[in-house]
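Chemist: Before I ask anything, here is the structure I am working with.
There are 6 protein chains.
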Amino acid sequence: MRILVVNVNTTDSMTKTIGEQAMAAAAPGTEIVALTPAFGADSVEGNYESHLAAIAVMETVRAYPEPYDAVIQAGYGEHGREGLQEILDVPVVDITEAAAATAQFLGRSYSVVTTLDRAVPLIEDRLLLAGLSARCASVRASGMAVLDLERDPDAAVEAIVDEAVRAVQQDRAEVICLGCGGMAGLTERVVERTGVPVVDGVAAAVTIAESLVRLGLKTSKVRTFAPPRPKQFRAWPMAV
Amino acid sequence: MRILVVNVNTTDSMTKTIGEQAMAAAAPGTEIVALTPAFGADSVEGNYESHLAAIAVMETVRAYPEPYDAVIQAGYGEHGREGLQEILDVPVVDITEAAAATAQFLGRSYSVVTTLDRAVPLIEDRLLLAGLSARCASVRASGMAVLDLERDPDAAVEAIVDEAVRAVQQDRAEVICLGCGGMAGLTERVVERTGVPVVDGVAAAVTIAESLVRLGLKTSKVRTFAPPRPKQFRAWPMAV
Amino acid sequence: MRILVVNVNTTDSMTKTIGEQAMAAAAPGTEIVALTPAFGADSVEGNYESHLAAIAVMETVRAYPEPYDAVIQAGYGEHGREGLQEILDVPVVDITEAAAATAQFLGRSYSVVTTLDRAVPLIEDRLLLAGLSARCASVRASGMAVLDLERDPDAAVEAIVDEAVRAVQQDRAEVICLGCGGMAGLTERVVERTGVPVVDGVAAAVTIAESLVRLGLKTSKVRTFAPPRPKQFRAWPMAV
Amino acid sequence: MRILVVNVNTTDSMTKTIGEQAMAAAAPGTEIVALTPAFGADSVEGNYESHLAAIAVMETVRAYPEPYDAVIQAGYGEHGREGLQEILDVPVVDITEAAAATAQFLGRSYSVVTTLDRAVPLIEDRLLLAGLSARCASVRASGMAVLDLERDPDAAVEAIVDEAVRAVQQDRAEVICLGCGGMAGLTERVVERTGVPVVDGVAAAVTIAESLVRLGLKTSKVRTFAPPRPKQFRAWPMAV
Amino acid sequence: MRILVVNVNTTDSMTKTIGEQAMAAAAPGTEIVALTPAFGADSVEGNYESHLAAIAVMETVRAYPEPYDAVIQAGYGEHGREGLQEILDVPVVDITEAAAATAQFLGRSYSVVTTLDRAVPLIEDRLLLAGLSARCASVRASGMAVLDLERDPDAAVEAIVDEAVRAVQQDRAEVICLGCGGMAGLTERVVERTGVPVVDGVAAAVTIAESLVRLGLKTSKVRTFAPPRPKQFRAWPMAV
Amino acid sequence: MRILVVNVNTTDSMTKTIGEQAMAAAAPGTEIVALTPAFGADSVEGNYESHLAAIAVMETVRAYPEPYDAVIQAGYGEHGREGLQEILDVPVVDITEAAAATAQFLGRSYSVVTTLDRAVPLIEDRLLLAGLSARCASVRASGMAVLDLERDPDAAVEAIVDEAVRAVQQDRAEVICLGCGGMAGLTERVVERTGVPVVDGVAAAVTIAESLVRLGLKTSKVRTFAPPRPKQFRAWPMAV
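These protein sequences, in sequence, are chains A, B, C, D, E and F.
Each residue of the first sequence is one higher than the last, beginning at -15 in this note's numbering.
Each residue of the second sequence is one higher than the last, beginning at -15 in this note's numbering.
Each residue of the third sequence is one higher than the last, beginning at -15 in this note's numbering.
Each residue of the fourth sequence is one higher than the last, beginning at -15 in this note's numbering.
Each residue of the fifth sequence is one higher than the last, beginning at -15 in this note's numbering.
Each residue of the sixth sequence is one higher than the last, beginning at -15 in this note's numbering.
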């Protein structure tokens, strides 16, 4: 089984990290192909870059030679999953939704802890549209940008762990979804300080994609995700 | 006052029609500038084209020389309004939301009647995210594609009017929002057959944009729509 | 175009203030007629006075000679809008709903800041019935009564501004609707301290009423707001 | 124990019927006082009359000499209950809410069957505000006006029974609340044809009022229903 | 009229207390029969014991000789009410739901104050399933276990009263439902400190059960609570 | 990895079928142990049997010797999952929830098709409590009992397939969850007739359980599913 894991930003080192996270979660026999979008921003922290990423991810996947069995969109709270489901037959899994759906099996409510405050509405919108917000206790931001994470990882981890603790104590979360990139030791620190299970979106998405493939399930094509109708495109060389 | 009205597809004749609808609704002294996206599909009837339109509309607006006072995104149920609000300071009005917000002042519930069945989920998602779905009685499709509208306008109008009648009688809608392009006589026919007010999204959006400008109101910049953070872009010459 | 703006209390000086607010927002060519109810309380701060105001506003409008093009009910969180829509054909706009509908175009969520705590449930009920509560972050009270506003305007303004700041910081509001009468400088102070757009209900209602009139839209008469059926009235000389 | 049961219209014969229904449900030792409003319409079938009834019921109760132990507002889907709770200390029970709250103990969902279609939104609004709509399967209208009930009672009963059957079969209601005046044999016919329990609002309200009194419970006065603040009234001789 | 009041735990002294509470609320002529389950835990503070109690209560009621007119399940937030409604024709009232339904007639919102934090989700689930959560302001735990209540009643009462005050001040509750067993003076202390009405679930359930019986209403048998279908049971001697 | 798959009824042949379904879905290296409850009904079609099954499943699991890595409760719409989560540390997966969570990755909405009408509310309640009802289009019953399935499998399959078609066409479901036991060829027939993906709960649950185990995730123990507190049990020899 081959799964494409598509980063939403153009930072190759992050694609590599995501690919490694995916591989660590993958079953024996699963091949992970980590892709960087052909165009876009070096990090996605708002709607403009996220909308650009949406189409970049679609075109990048479409340019990749078949066969593959599933696609994972590896951005937290980003636009575009519906488009991937429309242009592909194989299952598509968004890591925001994968984390939430997994968390719901582990406790009565979950919180997402992310980086910047401005990411919170994007994540909330994804969960609402995906029908996964009823048991979402909160989406919390640590106030740390992606660059902060690299510049002062200790402070960043601490800020994130603090929000996780608040989510458990004040918002009554029973599970934490980490809505930010793979920092060394982050998961362990959150588990240790909160005592609750911590779900990583990439890992969760890999197991869900594998499961769908193994069960022979594909995206429904009857209405919302029916293949695109034929169109004439102007000034967009990448179109089908 | 100058308002940009941006079509979501690349069919110039539709841009022209939309511009005329906007002008018909505009107050004296309002200048309407109708724009066709620099790239994209000739009609938008699904997520792939809609995601492409989202970024195309943003780049087209950004390439347009200031000053202008407000921007209208003239596509029914399309992605991208959040991005426009983020990159601009002036008010941004989506016609799907403008029609619904206007309809709510006219009756206890409203229905949207649109073309293809596959547009229904896109419209429902926009209304849900905009907080406008509580009084939405239904979103109904006539099954007619845009090309059908041109090929056999009489049959198309009839199919749309029939759905509007069903919305009023079966779904208890008290107002109809027309979620499809300007066909001659369509509004009149729906009013005549249903006896309820019919709201056109483009016209509604123009008056809302004018009102926001006149009241001196602009998009809030504290969180969700704060300006994009500085980024490095790869292979995307249009970025800021 | 002539718009009736009806105060809900019998204090003529407040009617005058409301009329001036309305005129300041009106387009050239719009005539504003500010009306004081023929009977009722000098201020409305609870259900008893509000129910009395509901019928007083209706009778006052009905006694006013036609023609007029729209009616605005200028009380925050008051009963009665449904009745006006029923007895009139022209559009009816409630300022509570006008402010909320306008705020939703400016940010992802809004809060209302009002005077007394007891007004909060009345406002929440209006927003719920109007289908405008999904994006309402909070309704907050400053604890100041109308008389307090006149007695110590500086303290009143300060209390209101403080609640607006809490709404933005704690409740994550991105827009503020002011649910209390026109105090000098209030809007400016809230904008200055919070950095978010502030919507005044009277001004918003005027532009919405003008827009509906210009678009030729009237209240739907198919069900909820069908004209009253003929009745025999006892001891109520004002009835139709 | 003395309970005031207040009709919402000025038809004395209906007050008498309501009083008899109440007495039939009352416990030994409960005194029922049926009151007709001092002013208002001979039947209430819309917002205008309902708003008039709201204030008429309040003034009628206030003019009635104490002591009494509870008040029942005996109109289906009418405005005004909040005002009564505000001006009184004793418990106030609305028959729409009493029927729904009672029905919820008897089955998983309930429907209301009422007379005219225009009453449906009024009833739905009351249930929504009262927090009783989650298990409401539907509110259905038979299309019969109050006068129809008297003119052709057999046809009226048949129309109502037919709607009740549809509620059970199509909407999956497990209990029926009758939202229309006491027609001879109506309850029995609905029970017979549907096989589900049928709740009469007046009877339910009497037992709830009695229960609250016996338990020593009164309306909470901390916020929403705190007593009215002192006011100056113009041209309203009945004010406190 | 004979009402069975069934404790959910096997502590006979608690059954006695519950029986006395029920008798204090009962009308003259109502016979209260307090039952202890034939098997189960000495206190129910979690799902395991609650599921055991669910079946124990059912079998205990079934083993009790008819006639009786109604059954009350006297555990706060426990499983099993649906099963009782299924196996019995007479009305079944759960005290969690009885308290909430009663509270809704007394104020705009209510909070439940209970003992252990782990009971909160159980109570929330019951209210959600019963359609009674729309006006629930909060469910709060004092952190006191049942044994704490006996060991240090003064501290326990104080902890509970403190949570009730927080519910009124922070969560805007207007009524308090006590979700914990009868401690001497508890109700009075909460009323005194909060100034809001306090509802005891057992007392509320008795009056509701009496009312349903007096009105001749029984559980609907059309779908959800239709009698069990005939089955073969293995290793369960108590089955029908 | 060893997964216990626990039937909810005492029919050994059904346990065998369920075990085979589970094995067909399991990854290489996963050992499936199918268990029949130690006591209970031969089929579960209502609340009484379901409550009995809840405690029977718990005791059966507890009596089974460790080690095992996850537990699946293989009944559609049954009580008891919360209790299993409380008494165990390993992940617990309910097949109703597993099917729904899986379906949500394949289409915008899903329907459940089950056997008897009386199972519908039980399934709806499970989905509501699990936070999985926002995208549930409908739960539909074919009217076929379990015994009918065996007696006339062709008619049963046809009735179920017909409901699935209605779910897709009338309720706009894009995925079907089969809420009834494994009939030969059922899945294929539904796929063939509806053209949408069909999810089997047992298979979905196996892959979810495997995924949780592989990711090292266990049930959160901070609040709702904290281990039971020590209790004294009366007449229940199976208690801990």
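Just so it is clear, CB atoms sit at the ideal spot from N, CA and C, and this is done for glycine as well.
May I have the straight-line CA-CA distance separating Arg92 (chain D) from Ala114 (chain B), to the nearest angstrom?
Modeler: Between Arg92 (chain D) and Ala114 (chain B), the C-alpha separation is close to 32 angstroms.
Chemist: Using only alpha-carbon positions, find the residue among E:Arg(-14), E:Thr(-6), E:Ala103 and E:Gln5 that is nearest to Thr44 (chain E).
Modeler: Out of E:Arg(-14), E:Thr(-6), E:Ala103 and E:Gln5, E:Thr(-6) has the C-alpha closest to the C-alpha of Thr44 (chain E).
Chemist: Can you look up Asp101 (chain D) in the DSSP assignment and give me helix, strand or coil?
Modeler: Asp101 (chain D) falls in the coil class under three-state DSSP.
Chemist: At the 9 angstroms Cβ level, is Asp73 (chain E) part of the contact set with chain D, yes or no?
Modeler: For Asp73 (chain E), the answer is no, since every Cβ of chain D falls outside 9 angstroms of its Cβ.
Chemist: Who are the Cβ neighbours of Met128 (chain E) in its own chain at under 6 angstroms, not counting the five residues just before and after it?
Modeler: Answer for Met128 (chain E): Thr99, Ala140 and Ala143, listed in chain order.
Chemist: Would you mind reading off the limits of the alpha helix (DSSP H) that contains Asn(-7) (chain E)?
Modeler: No alpha helix (DSSP H) holds Asn(-7) (chain E); DSSP gives it neither H nor E.
Chemist: Compute the Euclidean distance between the alpha carbons of Gly179 (chain F) and Val206 (chain A), then round it to the nearest angstrom.
Modeler: So the two alpha carbons sit approximately 7 angstroms from each other.
Chemist: With 16 as the cutoff for other CB atoms within 10 Å, does Tyr60 (chain B) come out buried or exposed?
Modeler: Burial call: buried.
Chemist: Around the C-beta of Glu33 (chain C), are 16 or more other C-beta atoms found within 10 angstroms, so that it is buried, or is it exposed?
Modeler: Buried, by the Cβ-count rule.
Chemist: With a threshold of 6 angstroms on Cβ separation, who are the neighbours of Ala189 (chain A) within its own chain once the five nearest residues in sequence on each side are excluded?
Modeler: So the qualifying residues of the chain are Ile56, Val77, Ile79 and Ala82.
Chemist: Could you pull out every residue in the same chain whose Cβ sits closer than 7 angstroms to the Cβ of Arg173 (chain D), ignoring the five residues on either side in sequence?
Modeler: Counting only Cβ-Cβ distances below 7 angstroms, and skipping sequence neighbours, we find Val141 and Val145.
Chemist: Kindly list, in the order they appear in chain D, the residues whose Cβ is closer than 9 angstroms to that of Gln88 (chain E).
Modeler: Under the 9 angstroms cutoff, chain D gives Glu81, Ala85, Ala114, Gly115 and Leu116.
Chemist: Rounded to the nearest angstrom, what separates Thr208 (chain E) and Leu112 (chain E) at their Cα positions?
Modeler: Roughly 17 angstroms between the two C-alpha positions.
Chemist: Name, going along the chain, the residues of the stretch 191 to 207 of chain F whose beta-carbon falls closer than 8 angstroms to a beta-carbon of chain A.
Modeler: Answer set for the stretch 191 to 207 of chain F: Thr191, Ile192, Glu194, Ser195, Leu196, Arg198, Leu199, Leu201, Lys202, Thr203, Ser204, Lys205, Val206 and Arg207.
Chemist: With a threshold of 9 angstroms between beta carbons, is Asp184 (chain A) in contact with chain F?
Modeler: Chain F contact via Cβ: present.
Chemist: Is the shortest distance between the beta-carbon of Gly61 (chain C) and the beta-carbons of chain B less than 9 angstroms?
Modeler: Chain B, which has no Cβ nearer than 9 angstroms to the Cβ of Gly61 (chain C), makes this no.
Chemist: How is the alpha helix (DSSP H) around Asp138 (chain C) delimited, first residue to last?
Modeler: Run containing Asp138 (chain C): Pro137 to Gln153, per the alpha helix (DSSP H) assignment.
Chemist: Could you work out which residues of chain A lie near Glu158 (chain F), taking near to mean beta carbons separated by less than 8 angstroms?
Modeler: Near Glu158 (chain F) (Cβ distances below 8 angstroms), the residues of chain A are Ser204, Val206, Arg207, Thr208 and Phe209.
Chemist: Does Leu1 (chain C) have its Cβ less than 9 angstroms from a Cβ in chain B?
Modeler: What sits at residue 1 (chain C) in the sequence shown is Thr, not Leu. Chain B contact via Cβ: absent.
Chemist: Contact criterion: CB-CB distance below 9 angstroms. Does Gly91 (chain C) meet it with respect to chain B?
Modeler: At least one chain B Cβ lies under 9 angstroms of Gly91 (chain C).
Chemist: Pick helix, strand or coil for Glu33 (chain F), following the three-state DSSP scheme.
Modeler: Note: Glu33 (chain F) maps to helix in three-state DSSP.
Chemist: For the alpha helix (DSSP H) that Leu196 (chain F) lies in, which residues bound it at each end?
Modeler: That run of the alpha helix (DSSP H) goes Gly185 to Arg198.
Chemist: Going by Cα to Cα distance, which pick from D:Thr171, D:Ala8, D:Ala9 and D:Gly64 is closest to Asn31 (chain D)?
Modeler: The option with the nearest alpha carbon to Asn31 (chain D) is D:Gly64.
Chemist: Does the stretch 181 to 188 of chain B come close enough to the stretch 195 to 204 of chain C to have 3 or more Cβ pairs within less than 8 angstroms?
Modeler: With a cut-off of 8 angstroms, the stretch 195 to 204 of chain C and the stretch 181 to 188 of chain B count as touching, because enough Cβ pairs lie within range.
Chemist: If you draw a straight line from the C-alpha of Trp220 (chain C) to the C-alpha of Leu72 (chain C), how long is it?
Modeler: For Trp220 (chain C) and Leu72 (chain C), the distance between alpha carbons rounds to 19 angstroms.
Chemist: For Arg135 (chain B), would you say it is in contact with chain A, using Cβ-to-Cβ distances shorter than 9 angstroms as the test?
Modeler: No, its Cβ sits nowhere closer than 9 angstroms to a Cβ of chain A.
Chemist: What is the DSSP secondary structure of Val180 (chain F), reduced to helix, strand or coil?
Modeler: Correct three-state label for Val180 (chain F): coil.
Chemist: Taking the alpha-carbon positions, what's the Glu134 (chain B) to Ala210 (chain B) distance?
Modeler: Whole-angstrom Cα-Cα distance: 41 angstroms.
Chemist: Output yes if chain F places a C-beta closer than 9 angstroms to the C-beta of Arg150 (chain A); else output no.
Modeler: Taking Cβ atoms only, chain F never reaches closer than 9 angstroms to Arg150 (chain A), which makes this a no.
Chemist: Do Met(-15) (chain B) and Thr20 (chain B) have their C-beta atoms closer together than 9 angstroms?
Modeler: In this structure, Thr20 (chain B) does not lie closer than 9 angstroms to Met(-15) (chain B) by Cβ.
Chemist: Please list, in chain order, the residues of the stretch 27 to 38 of chain B that have any C-beta partner in chain A closer than 8 angstroms.
Modeler: Answer set for the stretch 27 to 38 of chain B: Ser27, Glu29, Gly30, Asn31, Tyr32, Glu33, Ser34, His35, Leu36 and Ala38.
Chemist: I want to see whether chain E comes within less than 9 angstroms of Thr178 (chain D), judged by CB atoms only; does it?
Modeler: Cβ-Cβ to chain E under 9 angstroms: yes for Thr178 (chain D).
Chemist: What three-state label does DSSP hand Leu19 (chain C) in the structure shown?
Modeler: Strand.
Chemist: Determine the direct distance from the alpha carbon of Ala84 (chain B) to that of Thr(-1) (chain B), and round the result to whole angstroms.
Modeler: Near 22 angstroms, if we compare the C-alpha coordinates of Ala84 (chain B) and Thr(-1) (chain B).
Chemist: For Gly3 (chain D), which residues of its own chain have a beta-carbon under 7 angstroms away from its beta-carbon, when the five flanking residues on both sides are left out?
Modeler: Once the five neighbours on either side are set aside, the close Cβ partners of Gly3 (chain D) are Val(-11), Ile16 and Ala18.
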